[in-house]
Amino acid sequence: MPKWNESNRLWEPDETLLSPEELAHCTRACDDERYRTPIPTQMVSNGEYLPSPQTEAQKRVEAGIHELAAEQSRRLGTSRRRFLAGTGGMAASFLAINKVFGPFFKVDPLEMLVPAAYAQGGAPRNLFVFDDQLHLVRGSRGKSVGALRGLAEGPSIGPSLGLKANPFNPAGHLDEHGETWGVWNPALVGLPFNPENFLLTDFIRQVYLDSQVTVGMLTNVPASVIDTGKRAPRNVVEARGGEILTAAQTAAARDFINEVAGSRRSLAHGMLYVGKGNLDYIHEQIEQNRPDSWKGYNIANAAKVNDNPLSLMKQWRHDDEEIAYPTFEAINRAYSLQKVAHPGFNNICVHKGLVNSKERRPEIGHPADLPKAARDWPNLNFITYHACIQPSFFMYDALAEIQAGKLREGVPDISWTTEYALLCRDFKNTYAELGTTWASSIITFPTVAAHIMGQLLKFMGPDRIVFGSDSVWYGSPQWQIEAMWRFQIPEEMQRKYGYPAFTEEHKRKILGLNSARLYGIAVPRNLAAQFKPMPTDYAAKMSDSLKHLMEMPGYTADKLSQAKERYEASGGLPDHTRYGWVRTS
Numbered sequence: 000m001p002k003w004n005e006s007n008r009l010w011e012p013d014e015t016l017l018s019p020e021e022l023a024h025c026t027r028a029c030d031d032e033r034y035r036t037p038i039p040t041q042m043v044s045n046g047e048y049l050p051s052p053q054t055e056a057q058k059r060v061e062a063g064i065h066e067l068a069a070e071q072s073r074r075l076g077t078s079r080r081r082f083l084a085g086t087g088g089m090a091a092s093f094l095a096i097n098k099v100f101g102p103f104f105k106v107d108p109l110e111m112l113v114p115a116a117y118a119q120g121g122a123p124r125n126l127f128v129f130d131d132q133l134h135l136v137r138g139s140r141g142k143s144v145g146a147l148r149g150l151a152e153g154p155s156i157g158p159s160l161g162l163k164a165n166p167f168n169p170a171g172h173l174d175e176h177g178e179t180w181g182v183w184n185p186a187l188v189g190l191p192f193n194p195e196n197f198l199l200t201d202f203i204r205q206v207y208l209d210s211q212v213t214v215g216m217l218t219n220v221p222a223s224v225i226d227t228g229k230r231a232p233r234n235v236v237e238a239r240g241g242e243i244l245t246a247a248q249t250a251a252a253r254d255f256i257n258e259v260a261g262s263r264r265s266l267a268h269g270m271l272y273v274g275k276g277n278l279d280y281i282h283e284q285i286e287q288n289r290p291d292s293w294k295g296y297n298i299a300n301a302a303k304v305n306d307n308p309l310s311l312m313k314q315w316r317h318d319d320e321e322i323a324y325p326t327f328e329a330i331n332r333a334y335s336l337q338k339v340a341h342p343g344f345n346n347i348c349v350h351k352g353l354v355n356s357k358e359r360r361p362e363i364g365h366p367a368d369l370p371k372a373a374r375d376w377p378n379l380n381f382i383t384y385h386a387c388i389q390p391s392f393f394m395y396d397a398l399a400e401i402q403a404g405k406l407r408e409g410v411p412d413i414s415w416t417t418e419y420a421l422l423c424r425d426f427k428n429t430y431a432e433l434g435t436t437w438a439s440s441i442i443t444f445p446t447v448a449a450h451i452m453g454q455l456l457k458f459m460g461p462d463r464i465v466f467g468s469d470s471v472w473y474g475s476p477q478w479q480i481e482a483m484w485r486f487q488i489p490e491e492m493q494r495k496y497g498y499p500a501f502t503e504e505h506k507r508k509i510l511g512l513n514s515a516r517l518y519g520i521a522v523p524r525n526l527a528a529q530f531k532p533m534p535t536d537y538a539a540k541m542s543d544s545l546k547h548l549m550e551m552p553g554y555t556a557d558k559l560s561q562a563k564e565r566y567e568a569s570g571g572l573p574d575h576t577r578y579g580w581v582r583t584s
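Written out as structure tokens, the structure reads:
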């Protein structure tokens, strides 16, 4: 398997665990241009297992892409490879997928021929995008986040991470393309896993240079267990060692991004450690880090009930008057002093869902605790991250629920998103956030994506849904932005379940305007007048003290300049190469 050679600073070649008999049925994906479609059309194995053969549906998609590429490249007088590398190739891919799986993506055949037509059909240049959920990692924790990168890239990353199968699909269920481990973001395929991809310098490139994100919320995760002994932490100081990014680092990264951009391009969450025993830490963050809003996890051991130094922190729920309410009261009281500089200070953002267990406990993410909290705290906004989807990253269970035909108020009962939307529909201070839920369904389970969006629009309305990409776990957010802009709820679904059409107005609200309202951001017609572009030399502007705080390896930035030079030398075009094995027989 590939491994990092620190002395030579390079990735050494990979190896395969396939037997000679198995290899006889495979070929290298990178050795044949047939496999270099903008969107993969069959399973690519990392060399540790025999890939599944291409399904009939995938064969039809692939044939459709190549047929369109051959035809349109001749019309344009260009090579087939250059056509597939450009916007025409992506348009052809959307058309081929629609032909096989249904009309999920809005795309016009003219977009294959005219880049301007593709740009017109894609996300417009003046689109205001507020990404409500962005992650980066401090240097000392960079190696701990590989599984999510593996989920987004697919099997080709497996050897680098020691993964033999989809880490979130242990049962081997198939998605709607007939794959157990599909590719969410094709741009990641073939790139070696490098922990530095998740550090501040590469984070800025992926979010602010490679995507249309105008403003991004930099978020964090409270530690649930400490490394030694695998027990719950006793206090915040003890928990801090397990955090992938501390509250202070989150704020420092925000401040650096805004400083080099010369405008407000980044916001930062504070850590929502709840309970009377954590109130001092809430006030410490307010004073030292100036959080723009708050991020917590019910499922995390982040609630300190009292001041007993030996008691362990535990999971919590929104409607617990003894544990959660003292924290909400402290935030609500401080809001009057913070709202001018930080208008979103009263936004309580909490991760719910994405769990393997189906226990209906709010402590692990079930939404039953939200109505009471929303009623008792009308001055706070409760933003539920992941829209409370229960399945853990791989949406097979949600698809199975849809196919089972069980309905709740006339729509498929998707755990726990359907119930969440119904419980919260009458509480105007509740909002559904789409991080990971959108990424995990839009490519591999588009039917699930359509039902989720349809239900949230139907029961909560377009003004109470906010976009989050959960990047950079899944690469640059741009593919998710493009997919949302082109996505549509099929008319048959609209008629059968009463879903509204997914309009351009809805998309503008969800992709940015709703969060702008929640965070007091005025959105001008000319975005460039208010939101300055990120300078390309931002890495050189990092001070040694910031590198030290962010725990950068060797206190140096990642080697973006060399990567850029290599990219430009190759012609600056994506070649869609997949590194791994594909089944040929």
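Residue numbering for the sequence shown follows numbering that gives the first Met the number 0, beginning at 0 and increasing consecutively. Glycine included, every Cβ here is placed at the ideal spot set by N, Cα and C. Bear in mind the structure is a predicted one, so any value in this text is a computation, not a measurement.
Just how far apart, CA to CA, sit residue i and residue j?
i, j, result
"D130", "Q53", "35 angstroms"
"L278", "G145", "33 angstroms"
"F458", "T200", "40 angstroms"
"W437", "K275", "35 angstroms"
"E47", "G157", "No answer about E47 holds up, because its pLDDT of 38 lies below 50 and its placement is not dependable."
"A69", "R582", "24 angstroms"
"K371", "N380", "13 angstroms"
"N305", "Y280", "13 angstroms"
"V43", "G171", "Because V43 sits at a pLDDT of 47, beneath the cut-off of 50, its placement in the model cannot be relied upon, and the point is left open."
"P19", "P154", "20 angstroms"
"D368", "R233", "25 angstroms"
"R230", "H350", "21 angstroms"
"A556", "V128", "Confidence at A556 is low in this model, with a pLDDT of 35, below 50, so its placement is unreliable and the value that follows should be read with caution. In a straight line, the C-alpha of A556 is about 27 angstroms away from that of V128."
"F255", "G474", "21 angstroms"
"K294", "F344", "11 angstroms"
"R374", "K508", "25 angstroms"
"K563", "A247", "For K563, the predicted model reports a pLDDT of 43, less than 50, meaning its position is unreliable; a value from the coordinates is still stated below. About 31 angstroms."
"A448", "D396", "13 angstroms"
"R263", "G161", "40 angstroms"
"L133", "A23", "43 angstroms"
"I401", "S439", "16 angstroms"
"V273", "W180", "37 angstroms"
"F392", "A386", "13 angstroms"
"L512", "I520", "9 angstroms"
"A122", "N331", "37 angstroms"
"N355", "Q389", "8 angstroms"
"F501", "E242", "38 angstroms"
"E504", "L311", "47 angstroms"
"H176", "A482", "17 angstroms"
"L135", "M216", "11 angstroms"
"R407", "S542", "55 angstroms"
"I480", "L309", "46 angstroms"
"L592", "G149", "Residue 592 lies beyond the range of the chain shown here (0 to 584); nothing can be said about it."
"K531", "G261", "6 angstroms"
Tell me the residue span of the alpha helix (DSSP H) that contains residue i.
i, result
"M483", "477-485"
"M492", "490-496"
"A122", "No alpha helix (DSSP H) holds A122; DSSP gives it neither H nor E."
"G157", "157-160"
"I330", "323-337"
"S72", "55-75"
"A170", "It is not in any alpha helix (DSSP H) - A170 carries neither H nor E in the DSSP assignment."
"L112", "That residue, L112, is in no alpha helix (DSSP H); it is neither H nor E in DSSP."
"D543", "543-548"
"F82", "79-84"
Terminal residues of the continuous beta strand (DSSP E) containing residue i?
i, result
"D131", "129-133"
"H505", "Per DSSP, H505 belongs to no beta strand (DSSP E); it is in the alpha helix (DSSP H), 503-507."
"I347", "346-350"
"M216", "214-217"
Assuming residue i and residue j make a contact with CB atoms under 8 angstroms, what is their CB distance in whole Å?
i, j, result
"V106", "F93", "4 angstroms"
"S139", "E550", "5 angstroms"
"E203", "M533", "One detail in the question is off: residue 203 reads as Ile in this sequence, not Glu. Indeed they touch by this definition, with Cβ atoms about 6 angstroms apart."
"Y496", "G453", "6 angstroms"
State the beta-bridge partners of residue i as determined by DSSP.
i, result
"V465", "E432"
"S265", "G215"
"F104", "F486"
"K313", "A302"
"S470", "L133"
Only counting runs of 3 or more residues, tell me where the beta strand (DSSP E) segments fall wholly within the region 268-300, in order along the chain.
-> 292-296
What are the start and end residues of each continuous alpha helix (DSSP H) run of 4 or more residues lying completely inside the region 377-463, in chain order?
-> 395-403, 416-423, 436-441, 445-458
What beta strand (DSSP E) runs, 3 residues minimum, are completely inside the region 178-258?
-> 214-217
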